[in-house]
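Okay, so here's the structure we're looking at.
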Amino acid sequence: MTQATMDHLPLFADLNARPCLIVGGGPVALRKARQLLRAGAAVTVNAPALHPGIEALLQAGRLRHAPGPFDAALIGEHFLVIAATDDPDTNARIAAASEQAMRLCNIVDDGERSSFIMPAVVDRAPVVVAVGSGGRAPMLARVLRQRLDAWLHPRTGALADWLAAWRQPLRERLPKLDQRVAFLQQLLDGPAAAHVLAGRRHAADRALETQLDGQRPQAGEAWLVGAGPGDPSLLTLRALELLQRADAVLHDALVPDAILDLARRDAERVCVGKRGGQPSTAQDAIIDEMLRRVREGQRVCRLKGGDPLVFARGGEELQALAAAGLPFEIVPGVTAASAAAAAAGIPLTHRRLAAGVSFVAGYRADDQAITDWAALARSGHTLAVYMGAGRLAEICAALRSAGLPATTPAALIARAALPEQRVYAGDIGSLGARAAAADRPALLLVGETAALAGELADGRARGDRQAAAG
Ligand code: SAH
Numbered sequence: 002m003t004q005a006t007m008d009h010l011p012l013f014a015d016l017n018a019r020p021c022l023i024v025g026g027g028p029v030a031l032r033k034a035r036q037l038l039r040a041g042a043a044v045t046v047n048a049p050a051l052h053p054g055i056e057a058l059l060q061a062g063r064l065r066h067a068p069g070p071f072d073a074a075l076i077g078e079h080f081l082v083i084a085a086t087d088d089p090d091t092n093a094r095i096a097a098a099s100e101q102a103m104r105l106c107n108i109v110d111d112g113e114r115s116s117f118i119m120p121a122v123v124d125r126a127p128v129v130v131a132v133g134s135g136g137r138a139p140m141l142a143r144v145l146r147q148r149l150d151a152w153l154h155p156r157t158g159a160l161a162d163w164l165a166a167w168r169q170p171l172r173e174r175l176p177k178l179d180q181r182v183a184f185l186q187q188l189l190d191g192p193a194a195a196h197v198l199a200g201r202r203h204a205a206d207r208a209l210e211t212q213l214d215g216q217r218p219q220a221g222e223a224w225l226v227g228a229g230p231g232d233p234s235l236l237t238l239r240a241l242e243l244l245q246r247a248d249a250v251l252h253d254a255l256v257p258d259a260i261l262d263l264a265r266r267d268a269e270r271v272c273v274g275k276r277g278g279q280p281s282t283a284q285d286a287i288i289d290e291m292l293r294r295v296r297e298g299q300r301v302c303r304l305k306g307g308d309p310l311v312f313a314r315g316g317e318e319l320q321a322l323a324a325a326g327l328p329f330e331i332v333p334g335v336t337a338a339s340a341a342a343a344a345a346g347i348p349l350t351h352r353r354l355a356a357g358v359s360f361v362a363g364y365r366a367d368d369q370a371i372t373d374w375a376a377l378a379r380s381g382h383t384l385a386v387y388m389g390a391g392r393l394a395e396i397c398a399a400l401r402s403a404g405l406p407a408t409t410p411a412a413l414i415a416r417a418a419l420p421e422q423r424v425y426a427g428d429i430g431s432l433g434a435r436a437a438a439a440d441r442p443a444l445l446l447v448g449e450t451a452a453l454a455g456e457l458a459d460g461r462a463r464g465d466r467q468a469a470a471g
């Protein structure tokens, strides 16, 4: 015999019109009765007295009542049994009788003695996802269920119905199995499925017909996607969806493996981060590579740290795509300023302290006079300085000569939203020296709002700050 590696074999039971027994008449029995009734079961409740909710179902003719204490003779007449009494001895007798009669039996909240347990369920009927932990970690199963629930498109069920309607016609048009598999794979990644999920069934049918006619090979596309500050849980759902669809992921060096690992398994991953040499040449090479792949019919996910339109040269890439007449989509991401603000507890705007926020670059490869610090100093905005950590002392000095007092609050936030996150709080008179050795990437926030850092930081960030100060 082979070794068992699963505690439970997941089964989807068709209980429609099949007799099922619930022993017990309280609120737990009511909950179980509702679950079984949703699956169409013919439910009998064996109990001396009934909860008003069960009574109501009985009156409505939805279930039967076998009055009195547990009657072992009932077991043989039912496909499965749920023991929902509050008496452990009775539950044990129900389990023993079921075992003997070879009926599946669940004792509520006692996975050990049950011969079946009910999984946590994500319901997108007819699609159902069941999550179990072998009864060992019900909380984990619940959390996973919640995540799957958030991830699975609300119209997944409609997609299944639509595919079911096409099943027979597709069999006739594509008689070979491997042909159908390839077709369906492409279909699910393509516009037809997207139409169904958006509720446009007619357009979906047309897109499927087009694909079926083979008139158009898969059209390439580019998606300019923001990966956020680096924590996978700060990705948008759309970013995740496109990552899992892309044929190739062209990513910056800042994007961590934890995010890249979410891409489709067979997707090609290409790091196009700074590769030495002249940055402008590198940028041209990135654009050339992206255009070539899209023209070849690939769906290219151009994945950038933070937001793709904030200091990411996304504009140039979009211009190139537009000039070439190629289709693209832009997916925003959590930009470093937002992540750093959240990490440090610094509002970027504030009714009394900052009427606006300016995103500025602290460094430019071509080394031009980069920023009109005087205008920024006058603006009263919170300043979010990207790419400035390497020149922190210089930038703080420039702001002071532009008229900001040395006591102007400031904070440098390193690796915001990542496990090694650190907040260095101070002012523009002192910060330059203190944070010289800060890890990268780091973002500088300057302005009266930065004074709130100590007060508003969440627990995690506060711990980090103490560590940084010590
Ligand atoms: N498109 C990105 C910015 C790229 S420029 C965005 O929207 O966030 C790179 C700069 O972003 C870095 O020099 C640093 O200033 C900032 N940055 C990126 N990720 C960061 C992080 N996790 N924590 C702090 N700053 C970060």
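With my numbering, letter number 173 in the sequence shown gets 174, and the count goes up by one each step, no holes. Note that CB positions come from ideal geometry on N, CA and C, so glycine has one too. No experiment lies behind these values; they were computed from the predicted model shown.
task = Can you have a look at PHE71 and say buried or exposed, based on whether 16 or more other CB atoms are within 10 angstroms of its CB?
result = Start at 1 with the first residue of the sequence shown, and residue 71 comes out as number 70. Using a 10 angstroms sphere on the CB of PHE71, the tally of other CB atoms reaches 16 or more, which defines it as buried.
ask   = For the ligand SAH, any of its heavy atoms closer than 7 Å to the Cβ of ALA341?
value = Working through the sequence shown from its first residue, we reach residue 341 at position 340. Indeed, a heavy atom of the ligand SAH lies less than 7 Å from the Cβ.
ask   = Which residue comes first and which comes last in the alpha helix (DSSP H) that contains ASN17?
value = Reading the sequence shown from its first residue, position 16 is the one you call residue 17. Unbroken run through ASN17: none, as it is neither H nor E.
key: Three-state secondary structure (DSSP) of ASP150   = Here the question's residue 150 lines up with position 149 in the sequence shown. Helix at ASP150.
inquiry  = Using C-beta distances below 6 Å, list every residue in its chain close to LEU141, excluding the 5 sequence neighbours before and after it, in chain order.
reply    = In the sequence shown, counting from the first residue as 1, residue 141 sits at position 140. Around LEU141: SER134.
ask   = In the segment 406-432, which residue ranges form an unbroken beta strand (DSSP E) of at least 3 residues, counting only runs that do not cross its ends?
value = Counting only unbroken stretches of 3 or more residues, the beta strand (DSSP E) elements lying wholly within the segment 406-432 are 410-415, 423-428, in sequence order.
message = According to DSSP, PHE360 sits in a beta bridge with which residue or residues?
response = By one-based count along the sequence shown, residue 360 stands at place 359. In the DSSP assignment, PHE360 forms a beta bridge with ALA385.
message = Here's the rule I'm using: 16 or more other beta-carbon atoms within 10 Å means buried, otherwise exposed. How should ASP15 be labelled?
response = Mapped onto the sequence shown, residue 15 falls at position 14. Burial is judged here by how many other beta carbons sit within 10 angstroms of a residue's own beta carbon; ASP15 has fewer than 16 and is exposed.
message = If distances are taken between C-alpha atoms only, which option among ALA394, GLY346, ALA403 comes closest to ILE414?
response = Within the sequence shown, numbered from 1, the residue matching residue 414 stands at position 413. Selected option, being the one with the closest Cα: GLY346.
request  = Write down every uninterrupted run of the alpha helix (DSSP H) in the segment 17-71 whose length is 4 residues or greater and which is fully enclosed by it, in chain order.
outcome  = With a minimum length of 4 residues, the continuous alpha helix (DSSP H) runs that stay inside the segment 17-71 are 28-39, 53-60.
inquiry  = Taking 8 Å as the limit between beta carbons, can you name the residues of its chain near ARG94, skipping five residues before and five after?
reply    = Within the sequence shown, residue 94 is the residue found at index 93, counting from 1. Within its own chain, the residues whose Cβ lies closer than 8 Å to the Cβ of ARG94, once the five positions on either side in sequence are excluded, are PHE71, ALA73, listed in chain order.
query = Got a sec? Which residues, its chain only, sit under 6 Å from GLY455 by beta carbon, not counting five neighbours each side?
reply = The residue you call residue 455 lines up with position 454 of the sequence shown. Taken in chain order, the list of residues that qualify is empty.
message = Quick check on ALA399: does DSSP put it in helix, strand or coil?
response = Translated into positions along the sequence shown, residue 399 becomes position 398. Shown here, ALA399 sits in a helix according to DSSP, grouped into three states.
message = Looking at the ligand SAH, does it come within less than 7 Å of MET388, judged from the CB to the closest heavy atom?
response = The residue labelled residue 388 in the question sits at position 387 within the sequence shown. Result yes, Cβ under 7 Å from the ligand SAH.
query = Beta-carbon separation of THR383 and VAL358 under 8 Å?
reply = Translated into positions along the sequence shown, residue 383 becomes position 382. Translated into positions along the sequence shown, residue 358 becomes position 357. The Cβ-Cβ distance between THR383 and VAL358 falls below 8 Å.
task = Determine the extent of the beta strand (DSSP E) in which LEU444 is found, giving its start and end residues.
result = The residue labelled residue 444 in the question sits at position 443 within the sequence shown. Run containing LEU444: 443-447, per the beta strand (DSSP E) assignment.
query = Just checking, does the segment 75-90 make contact with the segment 10-28 on the three C-beta pairs under 8 Å criterion?
reply = Contact holds: three or more Cβ-Cβ distances are below 8 Å.
key: Inter-residue Cα distance where the pair is GLY25 and LEU153   = Taking the sequence shown and counting its residues from 1, one reaches residue 25 at position 24. Taking the sequence shown and counting its residues from 1, one reaches residue 153 at position 152. So the two alpha carbons sit approximately 35 Å from each other.
ask   = For PRO68, which residues from the same chain have a beta carbon less than 6 Å from its beta carbon, with the 5 sequence-adjacent residues on both sides left out?
value = The residue given as residue 68 occupies position 67 in the sequence shown. Answer for PRO68: no residue qualifies.
Run of the alpha helix (DSSP H) containing PHE312, from where it starts to where it stops = As a position in the sequence shown, residue 312 is number 311, starting the count at 1. Per DSSP, PHE312 belongs to no alpha helix (DSSP H) and is neither H nor E.
task = May I ask which residues mark the beginning and end of the beta strand (DSSP E) holding GLY227?
result = The sequence position of residue 227 within the sequence shown is 226, counting from 1. From DSSP, the beta strand (DSSP E) with GLY227 extends over 222-227.
query = Leaving out the 5 sequence neighbours to the left and right, which residues in its chain are closer than 8 Å to GLU100 when beta-carbon positions are compared?
reply = On the sequence shown, residue 100 is found 99 positions in, with the first residue counted as 1. So the qualifying residues of the chain are CYS106, SER116.
request  = Identify which residue in GLU421, ALA254, ALA394, SER402 has its Cα closest to the Cα of LEU445.
outcome  = Here residue 445 refers to the residue found at position 444 of the sequence shown. If we check each option's Cα against that of LEU445, ALA394 comes out closest.
task = Please go through the same chain and pick out, in chain order, the residues whose beta-carbon is closer than 7 Å to the beta-carbon of VAL29, but skip the five residues on each side of it.
result = Translated into the one-based positions of the sequence shown, residue 29 becomes position 28. Same-chain partners within the cutoff: ALA85, VAL109.
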